[in-house]
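Here the sequence shown stands for residues 156 to 554, where the numbers follow our numbering.
All residues carry an ideal CB built from backbone N, CA and C; glycine is no exception.
Report on one structure; see the data block that follows.
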Amino acid sequence: MATFKTLDDLGDLTGKVALVRVDLNLPMQDAQVTDDTRVRASAPTILELAAKGAKVLLLAHFGRPKGERVSTMSVSMTLDAVQAVLGKEVMFVPEIAGDVVKQAVGILQPGDIAMLENTRFWKGEEQNDPELAKAIAANGDLYVNDAFSAAHRAHASTEGLAHLLPAYAGRSMEAELKALDAALGTPERPVCAVVGGAKVSSKLDVLNHLVTQVDHLIIGGGMANTFLAARGVNVGKSLCEHDLTGTAEKILEIADGAGCTVHLPYDVVVAQEFAANPASLRTCNVHEVAENEMILDVGPQAAEALADVLKTCRTLVWNGPLGAFELAPFDAATVALARSAAALTKEGALISVAGGGDTVAALNHAGAADDFTYISTAGGAFLEWMEGKELPGVVALLG
Ligand code: ADP
Ligand code: MG
């Protein structure tokens, strides 16, 4: 793994100014933060820098103001939540560069924390304008990036700054990079990937990359239907991208050439409508799906076989539920496999890394998330990493 500097490389920072990129793009309802997970993720980094005596300046984006000052998108909307998580007062500064920030730095004492305004109020942020980056850097002595979730963007606060100041990965960034490296960078083999979710089209790059990286690829969810159709299975009225069966075939060919075993369901849970416990619910072989039925989950036999595949593996990376898990009983295969993975991880037999909005929800629903080695909440950045892309915010941190 290419190396990056961490907070371990920092000694006493008394009087130094740390510009810290964090993720404060928090879900809100009626001007209230509804989930402070992202703040809690970066709290250790912020508090550690403060404890080392730094004056900490938080940088983050909030919403999509597109280079304009939009008052409803001030990052100060998150101030109360941030103060509550940190247990410390945080000064709000309505700029990200210039004299106002300089004056704020003059007022702050070592160990104090300030939140700068929404970086995306300035056009130069998303354009990665070197002038804006220089202006921000002028008020800092070091740069810490703790926002893996924004690392797939080459913006002034996620990429540009890293070239202008001594740059460090924060604790949450460090944990994410180590987990991702353990999952796909330099993993213990055999490696198994689970890819599910609704559509092949949204995960083509993920599938194409994974078949060249992993030993076993488990395909579930709606996207499995496209692969089944490619193999000549009649999937009835299942969600299926019939125009992508050629693409699916190519992915299967690449897998074959790369020595990756692809696992598709051979029994499935079907129903005539997507509703909780519908009267038309039944389990059947993939070759027995009727014209008026849709596949909504991987069947129990296939699910058991998949759990056996996991038992032969040392590493698991998972994105996308195996079925339409929002409604019972179409959560069954996802829940069963999640619990198997959690149990194997707990025994020390498996390293398990998962990410994706619905995936995290499904693993929580299964009560399995806590036992996974690492759960990424990074969304787009996690997916781009699964696609094998270089993330500019990460590359900029590498020495
Ligand atoms: P993530 O957010 O973790 O990346 P996705 O958004 O790709 O995951 O996939 C989740 C969605 O896939 C869920 O809404 C789920 O209902 C849907 N899904 C899974 N299996 C099926 C299926 N067989 N038919 C239709 N939709 C499905
Ligand atoms: Mg989703």
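Asked	Found
beta-carbon Phe480 near the ligand ADP non-hydrogen atom, thresh 7 Å	yes
Distance cut-off 7 Å: Leu394 Cβ against heavy atoms of the ligand ADP	yes
N-terminal and C-terminal residue of the beta strand (DSSP E) that His371 is part of	His371 to Ile374
Neighbour-count burial assignment, Ser531, 16 or more Cβ in a 10 Å radius	buried
DSSP bridge partner residues for Phe247 (one or two, in chain order)	Met270
Minimum C-alpha distance to Asp360 - residue among Leu168, Ala551, Trp540 and Asp167	Trp540
Exercise answer, beta-carbon shell around the ligand MG heavy atoms below 5 Å	Gly512 and Asp513
Nearest-angstrom Cα separation, counted from Ala509 out to Val515	7 Å
As assigned by DSSP and simplified to three states, the class of Lys333	helix
Whole-angstrom distance between His216 and Asn180, CA atom to CA atom	6 Å
With 16 other Cβ atoms within 10 Å as the buried cut-off, status of Arg195	exposed
Span separating the alpha-carbon of Ser312 from that of Ala462	43 Å
Identity of the residues DSSP links to Thr438 by a beta bridge	Val424
Span separating the alpha-carbon of Leu174 from that of Phe480	41 Å
Close-in-space but distant-in-sequence residues of the same chain around Ile506 (CB under 8 Å, 5 per side omitted)	Ala337, Ala338, Pro342, Glu343, Arg469, Thr470, Leu471, Thr500 and Thr528
Spatial neighbours of Glu331 in its chain, beta-carbon cut-off 8 Å, leaving aside the 5 residues before and after	Phe303, Tyr529, Ser531 and Ala533
Ala322 vs Lys160 beta-carbon contact at 8 Å	yes
Helix, strand or coil at Phe159 according to DSSP, with G and I counted as helix	strand
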